[in-house]
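Inspection log for the structure reproduced underneath, given as structure tokens.
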Amino acid sequence: MTDHPRGGIAVFQWKRWLCLAPLFGAAALICLINGMNLQRLVHAEAPRNPWEATEILESWRAVKGMPVYEISPDGHSTHVYGALALYAQGEVFRWVGPNNIAGRLISLVSALVTVTLLAVAMGGDRPKWTIVLAWAIILGVNFRSTHYFAENRPDMTAMMFAAMGVLAIGYGQESRRWQLVVLGSLCIVLGFFFKQTAATFAVVPPVALVLRGRRPTLSECLLSLLPFAMMLGVISGLKVFAPEVYYYMMVIPRKFGLRWLPAVRNGWELVLDSPLFLVLLGEMLMFDAASFRKDRRLPWLAAVLIVSIPFAAISSAKAGGVANSLLPALFPLMAFCALRLPRLLTFLSSNATAGLPSRLMLGVFVALLMLLTAFPRLSTRQPLLVARSNHDQAYWKVVELAKTLPGKVICPEDPTIPFYAVGYLGLNIFSEYDTHLVNGVYPVTPPDHVRKELLEADYLIDVSDLTQNILNDSNLESLGFEQIMVDDAWLESADYKVWKRKPFSAGDLSLKPVRASGM
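Every letter in the sequence shown is one number past the one before it in the UniProt record's numbering, and letter 347, counting from 1, is 347.
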């Protein structure tokens, strides 16, 4: 005789999935919204911002053996990320040629690997369908980082290697397998050479060792310090054997000004914008505190959060700090949610004493928390669905137009235009300003070699939008340029203008920065 007759089992199964339906609906909506946005952004025609343009040109320089890292007064300024990012994208260019999509695809693949890796690691031996919810929760990081999953910058690849590294180190530390700790340390070093933020996770193992609540052995202490020691050795070696790379990777980022009050606010808002995390954390502390000792993943997650939240808050408060600075904290925050949510799902899907209405209301409440965590602070500047950029409809037309212009054509705010048009690798004024800061912010006037290129140009294509607007009309007029009218109406509507040098022109250059950098 069974506890549930056949009809009772069918009713129980129906009620269980009814209670879980709101959560799967929220997960589907998160995946749908992010999928639509990612599809649009990956296939965008024009570079999304000046720093995408930098990645494209510098990757081409790298694959062609041209100078990339120059610190002489006359040398160009490259990006301030990890050196491997350029060579990875450059190898793709070697096979398919330079384009605006390859770097985004590298970021997208890296992001999806990271999401899947964390979802599986947090799922453990639970029912496989819980991984679907975990995957959707972690995918929500894309929206909160203003869609960095589709950005041609190395943040996501660095996060992928950092996640691999922490998971390998954690498993190796708990099982006392030093080989895994070494492998994980190498992953963090590899991530560091894509973006420096990966180095932060080398500090996690000693913190996790303290949080385990017992006195560690000497071998455990030494093993936990291995990633940090290896990272320190790599940075020291970089300073000695590759000073130019060290300058761009380590010296320049330290020059960006830090605002402490915004740092505190950013850290506070980072947590407040994660209501699902707050509810699950409160539930654990109130009703399941013993799990912190039982589940070996929790001390490691806590260690990552202790390290990453202050780091993300400080990084995002530096001059030019944007949403990508929050990525090191967003991933572990959502990983914690993926780890703890199944405890509530067990209550929802079990034949508990609570009635169906109570469990259904809880399911709707948790689904709402998932959506509020994945899509916080919706506004006209960050709508639910990304609109098509004005540049996309005209980008390749502008490239074709640049081919017809005689003399030297430059576009300091998007140098991919003259690059695709005539193969000219010009200066990116944003990269130049990034590396010539004055008191932690952009200089008032550009470096001499930037001014020289501006004065030598016969034609200049100006880009105007919220990001790319360092060169305004008065600046260009002072340089001796005059705007020429193009018969095609699409040009001005797409935020592009064409300027021609006046005969016998000369002028003083006094450029004022519109915004800080966008590291």
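The beta carbon of each residue, even a glycine, is placed where N, CA and C say it ideally should be. As the structure is a computational prediction, the values presented were derived from the model and not from experiment.
(1) Who are the Cβ neighbours of S505 in its own chain at under 7 Å, not counting the five residues just before and after it?
(2) Going straight from the alpha carbon of A136 to that of F24, what length do you get?
(3) List the whole-angstrom C-beta distance separating A317 from N266, where the pair is believed to meet the contact cut-off of C-beta under 8 Å.
(4) Flag this pair as yes or no: are the beta carbons of F161 and I188 separated by less than 9 Å?
(5) Is it a yes or a no for the region 275-286 touching the region 330-338, going by three-plus beta-carbon pairs under 8 Å?
(6) Taking its Cβ as the centre, do 16 or more other Cβ atoms sit within 10 Å of S315, making it buried, or is it exposed?
(7) Using only the heavy atoms of the ligand MG, determine whether one of them is closer than 8 Å to the beta carbon of A134.
(8) Looking at Y496 and residue 541, is the spacing between their C-beta atoms short of 9 Å?
(9) By how many angstroms is the C-alpha of A242 removed from the C-alpha of T206?
(10) Please classify V413: does DSSP put it in a helix, a strand, or coil?
(11) Within the continuous beta strand (DSSP E) that includes Q483, where are the two ends?
(12) As a quick exercise: from F201, F193, L226, L167, pick the residue whose alpha carbon is nearest that of F311.
(13) Starting from the C-beta of A85, find all residues in its chain whose C-beta is less than 6 Å away, skip the five residues before and the five after it, and write them out in chain order.
(14) Rounded C-beta distance between G363 and L20? I'm assuming under 8 Å.
(15) Anyone know if the C-beta pair for F32 and H147 falls short of 9 Å?
(16) Excluding five sequence neighbours on each side, which residues of the same chain lie with their C-beta closer than 7 Å to the C-beta of P342?
(17) Are the beta-carbon atoms belonging to V80 and M249 less than 9 Å from one another?
(18) For W178, I'd like the list of residues in its chain whose CB is within less than 7 Å of its CB, leaving aside the five on either flank, ordered along the chain.
(19) Mark W260 as exposed unless 16 or more other C-beta atoms lie within 10 angstroms of its C-beta, in which case mark it buried.
(20) Hey, is the region 423-434 in contact with the region 397-411, meaning 3+ C-beta pairs nearer than 8 Å?
(21) Mind checking who K500 pairs with in its DSSP beta bridge?
(22) If the criterion is Cβ atoms closer than 9 Å, does the pair residue 527 and L167 meet it?
(23) Using a 10 Å radius around the Cβ and a threshold of 16 neighbouring Cβ atoms, would you call D508 buried or exposed?
(24) Excluding sequence positions up to five away, which residues of its chain have a Cβ less than 8 Å from the Cβ of V113?
(25) Does the Cβ of T416 have 16 or more other Cβ atoms within 10 Å, making it buried, or fewer, making it exposed?
(26) What are the complete alpha helix (DSSP H) segments, minimum 4 residues, inside the region 87-144?
(27) DSSP on V444, reduced to helix/strand/coil?
(28) Using the Cα positions of R16 and G123, report the straight-line distance between them to the nearest angstrom.
(29) Taking all protein chains shown into account, do 16 or more other C-beta atoms lie within 10 angstroms of the C-beta of Q39, making it buried, or fewer, making it exposed?
(30) Within 10 angstroms of its Cβ, does D414 collect 16 or more other Cβ (buried), or is it exposed?
(31) For L258, does the three-state DSSP call read helix, strand or coil?
(32) I need the straight-line Cα distance from T78 to G184, nearest angstrom please.
(33) Among E477, K500, S478, which one has its Cα closest to the Cα of I484?
(34) What are the start and end residues of the alpha helix (DSSP H) that includes Y171?
(35) Using a 10 Å radius around the Cβ and a threshold of 16 neighbouring Cβ atoms, would you call S110 buried or exposed?
(36) Please report the straight-line C-alpha distance between P227 and M164, rounded to a whole angstrom.
Put simply:
(1) Within the sequence shown, residue 505 is the residue found at index 505, counting from 1. Model confidence at S505 stands at a pLDDT of 47, short of 50, so the residue's coordinates are unreliable; what they give is reported in the following sentence. In its chain, beyond the 5 residues on either side, G480 have a beta carbon closer than 7 Å to the beta carbon of S505.
(2) Here residue 136 refers to the residue found at position 136 when the sequence shown is read from its first residue. Here residue 24 refers to the residue found at position 24 when the sequence shown is read from its first residue. Rounded to the nearest angstrom, the two C-alpha atoms are 9 Å apart.
(3) Within the sequence shown, residue 317 is the residue found at index 317, counting from 1. Within the sequence shown, residue 266 is the residue found at index 266, counting from 1. Contact flag correct, Cβ pair sits at about 6 Å.
(4) Here residue 161 refers to the residue found at position 161 when the sequence shown is read from its first residue. Here residue 188 refers to the residue found at position 188 when the sequence shown is read from its first residue. Yes, Cβ-Cβ distance for F161 and I188 is below 9 Å.
(5) yes
(6) Position 315 of the sequence shown, counting from 1, holds the residue named residue 315. In the assembly as shown, S315 is a buried residue. Its beta-carbon has 16 or more other beta-carbons within 10 Å.
(7) The ligand MG is absent from the structure shown, which contains no ligand whatsoever.
(8) Because the chain here runs from 1 to 519, residue 541 falls outside it and cannot be looked at.
(9) Taking the first residue of the sequence shown as 1, we reach residue 206 at position 206. Taking the first residue of the sequence shown as 1, we reach residue 242 at position 242. For the sequence presented, residue 206 should be read as Pro rather than Thr. One C-alpha to the other measures close to 29 Å.
(10) Looking up residue 413 in the sequence shown gives position 413. Sequence check: residue 413 is Glu here, not Val. Reduced to three states, the DSSP call for E413 is coil.
(11) Start at 1 with the first residue of the sequence shown, and residue 483 comes out as number 483. For Q483, the uninterrupted beta strand (DSSP E) segment begins and ends at 481-484.
(12) Position 311 of the sequence shown, counted from the first residue, corresponds to residue 311. Answer by Cα proximity: F201.
(13) Along the sequence shown, read from residue 1 onward, the residue named residue 85 stands at position 85. If we look at A85 and ignore the five residues flanking it on each side, its Cβ neighbours are P154, F194.
(14) Taking the first residue of the sequence shown as position 1, residue 363 is located at position 363. Taking the first residue of the sequence shown as position 1, residue 20 is located at position 20. At roughly 6 Å, the Cβ-Cβ gap stays under 8 Å, so G363 and L20 are in contact.
(15) The residue labelled residue 32 in the question sits at position 32 within the sequence shown. The residue labelled residue 147 in the question sits at position 147 within the sequence shown. According to the sequence shown, residue 32 is Leu rather than Phe. Not closer than 9 Å, so no.
(16) As a first step, residue 342 must be located in the sequence shown, where it is residue number 342. Contacts found: R126, T130.
(17) Working through the sequence shown from its first residue, we reach residue 80 at position 80. Working through the sequence shown from its first residue, we reach residue 249 at position 249. The answer is yes: Cβ separation under 9 Å.
(18) By one-based count along the sequence shown, residue 178 stands at place 178. Result list for W178: G172, L223, in chain order.
(19) Looking up residue 260 in the sequence shown gives position 260. If you draw a 10 Å sphere on the C-beta of W260, you find fewer than 16 other C-beta atoms in it, and that means exposed.
(20) yes
(21) The sequence position of residue 500 within the sequence shown is 500, counting from 1. Looking at the DSSP assignment, K500 forms a beta bridge with Y459, E482.
(22) Residue 527 falls outside the range modelled here, since the chain spans only 1 to 519, and no answer is possible.
(23) Here residue 508 refers to the residue found at position 508 of the sequence shown. Below a pLDDT of 50, predicted positions are generally treated as unreliable, and D508, at 46, falls in that range; no measurement from the model is reported.
(24) Looking up residue 113 in the sequence shown gives position 113. So the list reads M160, once near-sequence residues are dropped.
(25) By one-based count along the sequence shown, residue 416 stands at place 416. Result: buried.
(26) List check, alpha helix (DSSP H) in window: 102-123, 129-139, 141-144.
(27) Start at 1 with the first residue of the sequence shown, and residue 444 comes out as number 444. Here V444 sits in coil by DSSP.
(28) Numbered from its first residue, the sequence shown carries residue 16 at position 16. Numbered from its first residue, the sequence shown carries residue 123 at position 123. Distance between the alpha carbons of R16 and G123 is about 20 Å.
(29) Here residue 39 refers to the residue found at position 39 of the sequence shown. Result: exposed.
(30) By 1-based counting over the sequence shown, the position of residue 414 is 414. So D414 counts as buried.
(31) Numbered from its first residue, the sequence shown carries residue 258 at position 258. Strand.
(32) Here residue 78 corresponds to residue number 78 of the sequence shown, with the count starting at 1. Here residue 184 corresponds to residue number 184 of the sequence shown, with the count starting at 1. The alpha-carbon atoms of T78 and G184 are separated by roughly 29 Å.
(33) If you number the sequence shown from 1, residue 484 lands on position 484. That would be K500, whose Cα lies nearest to the Cα of I484.
(34) Here residue 171 refers to the residue found at position 171 of the sequence shown. Element bounds for Y171: 155-175.
(35) Within the sequence shown, the letter at position 110 stands for residue 110. S110 is buried by the Cβ-count criterion.
(36) Residue mapping note: residue 227 aligns to position 227 of the sequence shown, counting from 1. Residue mapping note: residue 164 aligns to position 164 of the sequence shown, counting from 1. So the two alpha carbons sit approximately 13 Å from each other.
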